[in-house]
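Here it is in structure tokens:
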């Protein structure tokens, strides 16, 4: 369906009302993970391995337990045995078994009557280690003679004879690769490296857990998905899932990092051992960086063939990624995204998921796509420069369109990459003259978006206002966008709709707010639920008017006879129907339980101008432009915020952020002082263009917008730095030290 | 019959075939038929996969219909941030 076939006459969709959580947040009233206290609550603290790889020979908690006020200590011995697969991985990551697998790995936890006492008690728990050889870097970890971290953990995909730390292997492609490269005038192959980065959410992990001897428990937790918390904690602790009730707090950022458990099961284990008293656990920043999921680091070989007029003939990507001491590096989605922007006759992908002595990786905003974009979009730029071609024109020449066979296999439906490229070409930023030491970079990016298990309930209140119960925590404005879509469908003002993120006991299972799914999937579910309620209100009006329900339609928040043949009745407004509902059949509500179909993928194109100081190597972002296909922006200000947020995280990844390990395998920069995320003074105004190529699979045309925006910044900035300095940096981050070294040596870095 | 496109790494479970025909009118039946025909695919499918039907990727929906002319791709399981 073309975008002009969509109705664009909206009262709410596309407007910018005040955010429903605004007052609570600016007044400090919003309750985050660490804000919960409960009667009788204890405080927990976690003992973590200071070693990258070490056998745990003995844990002696006697001194800690002797302190007055210490109520419980747990080690892995307090957890059930016999778990397999990802359940075992989660349990092992929550609490080390025989071996500590990374610096920061939990080995014991303690609960006491105050936070200070818990920390003192943790310091008194004595752990005897036997150091084991460790490996940190992905290219070292994949060597045949690397220390084997978890022998036997490779899955069915890994052929016999692969190195011991390769736990998953992927290869796929289509077309004749050799013929494609033979048809090219220029074939280039380069290797690109990215370092692990953290999601960098402002709010550390925090929870209060309570678990009784009867197996019934509760949890208050900062998370992107409390049904996932419930399921994972239950698996790790051997609980019946429905006996654990989990409530999500407000959330200060997640970006994928809060879609799994880390220390949450420990609070429940401590609570049970402490006789059912609630136990609060709050991570500090060092714990967040050492022991929660960063994203993978990557080592990537990319080869592309291009004709001299810029037509891409073939592409090959070989990616090696480490996702910590557990399977799960996003190498598959990285490969899927690698050439997704392009219509190429032949592509081949090969990927290795490699273990290293680092924390278990978690999802991070379009998992894998930023690394892939860095490698492929950098190489495309290198080839454009070699051939003297305009980078936007080359991308337009090769851009995937509706009907293109995607590099990952299927055929694209309606997509908007070309529109984003045209948008940046037409934007004034693309024509700003550049000065000395300045350069401009362009890159595009892709993300699939996702749907997932979704349950929504909506109900009409006695005065005709509406409540919507959802299970996707509001990270990026979903309460606003959901209220707008429900209000639009119902024909009532935005302020008349309240969206509540409810606890796990209130709805069927919901996947987290991940995969850019909340406004798409929960939104579609909420619209369907609203349509059910509308149908019921039409039925009640029909009964009142004594006409057929099919002869009633819903217009502007009121039931009305559908045409003159239905009879002459004045519109029956929602408030009137709601006010009488107790005498016309009881509550009026609608609900949805399912897996909303119709996901629409999303593309974006970024243009960045930088200035590089030739004396210090410092890169300053002068101006930044994001053009991305949103399908339709329900609340444009939030959409712009997502675009800008993705760009900012990408700027950090490109220029500063990295996990730095010492020779001993310990993380050297586990504070925000040393792990440097961009701050406001690092950033220019980030311009945005919301491209709208509506998704036919959503009632309002929505595509997810949360993730695509982090992919293009890495290559766009690398391309700009190359333009400014004449040197290509193929290893992120492009710190001043690296940039200066490349400039001074006159060599690529 | 519906054609199921596999990724290359699965060839060793399917006697080298990259495109496999099965009798099915839903994703679920197609996956069951794949496992029956090539038991080596069972751990792959049970570990979690995505399926693209006519360009739309889903990780669930065994009941999603497929037609003889549907474009069906087995893909690695999709996750998001």
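Protein chains in written order, with our numbering: chain A, 13 to 761; chain B, 6 to 86.
Backbone N, C-alpha and C fix where the C-beta goes; we use that ideal spot for every residue, glycine too.
Among the options, the one whose alpha carbon lies nearest that of residue i
i             : options                       : result
residue 517/A : 399/A, 705/A, 79/A and 242/A  : 242/A
residue 263/A : 384/A, 215/A, 106/A and 273/A : 215/A
residue 398/A : 157/A, 58/A and 316/A         : 316/A
residue 435/A : 640/A, 128/A and 290/A        : 640/A
residue 310/A : 523/A, 379/A, 515/A and 730/A : 379/A
residue 386/A : 757/A, 24/A, 721/A and 756/A  : 721/A
residue 76/B  : 13/B, 33/B and 59/B           : 59/B
residue 709/A : 289/A, 537/A and 253/A        : 537/A
residue 126/A : 56/A, 66/A and 566/A          : 56/A
residue 792/A : 653/A, 358/A, 566/A and 58/A  : With chain A covering 13 to 761 only, the question about residue 792/A has no answer from this structure.
residue 433/A : 686/A, 410/A and 446/A        : 410/A
residue 322/A : 368/A, 81/A and 405/A         : 405/A
residue 182/A : 427/A, 330/A and 445/A        : 330/A
residue 623/A : 751/A, 34/A and 277/A         : 751/A
residue 133/A : 86/A, 394/A, 416/A and 361/A  : 86/A
residue 367/A : 651/A, 176/A, 758/A and 267/A : 176/A
residue 465/A : 112/A, 519/A and 495/A        : 519/A
residue 524/A : 270/A, 695/A, 43/A and 400/A  : 270/A
residue 654/A : 693/A, 719/A and 662/A        : 719/A
residue 643/A : 595/A, 32/A and 706/A         : 706/A
Residue burial classification, residue i (beta-carbon count within 10 angstroms, cutoff 16)
i             : result
residue 747/A : buried
residue 6/B   : exposed
residue 105/A : buried
residue 13/A  : Only weak support exists for where residue 13/A lies, its pLDDT of 39 falling under 50; the value from the coordinates is given anyway. Under this definition residue 13/A is an exposed residue.
residue 389/A : buried
residue 166/A : buried
residue 296/A : exposed
residue 447/A : exposed
residue 824/A : Since the first residue of chain A shown is 13 and the last is 761, residue 824/A is not available in this structure.
residue 463/A : buried
residue 16/A  : Annotation note: pLDDT 48 at residue 16/A (below 50); position unreliable, coordinate value reported separately. By the neighbour-count rule (16 or more Cβ atoms within 10 Å), residue 16/A is not buried but exposed.
residue 734/A : buried
residue 723/A : buried
residue 457/A : buried
residue 30/A  : exposed
residue 440/A : exposed
residue 594/A : exposed
residue 585/A : buried
In DSSP terms, what residue i is bridged to
i             : result
residue 454/A : 619/A
residue 291/A : 54/A and 221/A
residue 8/B   : 26/B
residue 479/A : 471/A and 510/A
residue 566/A : 571/A
residue 81/B  : 54/B
residue 122/A : 57/A and 85/A
residue 311/A : 205/A and 332/A
residue 699/A : 637/A
residue 17/B  : Beta-bridge pairing links residue 17/B to no other residue.
Helix, strand or coil at residue i according to DSSP, with G and I counted as helix
i             : result
residue 573/A : strand
residue 679/A : strand
residue 15/A  : A caution first: residue 15/A carries a pLDDT of 42, below 50, which makes its placement in the model too unreliable to give a value.
residue 32/B  : helix
residue 298/A : helix
residue 70/B  : strand
residue 635/A : strand
residue 650/A : helix
residue 72/A  : strand
residue 38/A  : helix
residue 466/A : strand
residue 751/A : helix
residue 22/A  : coil
Q.
Quick check on the DSSP output: what are the complete alpha helix (DSSP H) runs of length 4 or more inside the region 198-277 of chain A, in order along the chain?
A. For the alpha helix (DSSP H) assignment, the uninterrupted runs of no fewer than 4 residues enclosed by the region 198-277 of chain A are, from N- to C-terminal side, 238-249.
**Q.** Every unbroken beta strand (DSSP E) inside the region 401-452 of chain A [3 residues or more]
**A.** Within the region 401-452 of chain A, complete beta strand (DSSP E) segments of at least 3 residues are not found at all.
Q: Could you tell me which uninterrupted beta strand (DSSP E) segments, each at least 3 residues in length, are contained entirely in the region 329-401 of chain A, listed from first to last along the chain?
A: Those beta strand (DSSP E) runs which fall completely within the region 329-401 of chain A and span 3+ residues are 359-366.
Q | Every unbroken beta strand (DSSP E) inside the region 139-200 of chain A [3 residues or more] | A | Every beta strand (DSSP E) of 3 residues or more that sits fully in the region 139-200 of chain A is shown, in chain order, as 178-186.
Q | Residues of the region 598-620 of chain A with Cβ closer than 8 Å to any Cβ of chain C, in chain order | A | As a matter of chain content, chain C is missing from the structure shown, whose protein chains are A and B.
Q) Counting only runs that start and end within the region 520-564 of chain A, where is the beta strand (DSSP E) found for 3 or more residues in a row? A) Counting only runs of 3+ residues, no beta strand (DSSP E) is found wholly inside the region 520-564 of chain A.
**Q.** Continuous alpha helix (DSSP H) assignments of at least 4 residues falling wholly in the region 577-626 of chain A
**A.** Here the runs fully enclosed are 586-591 and 593-596.
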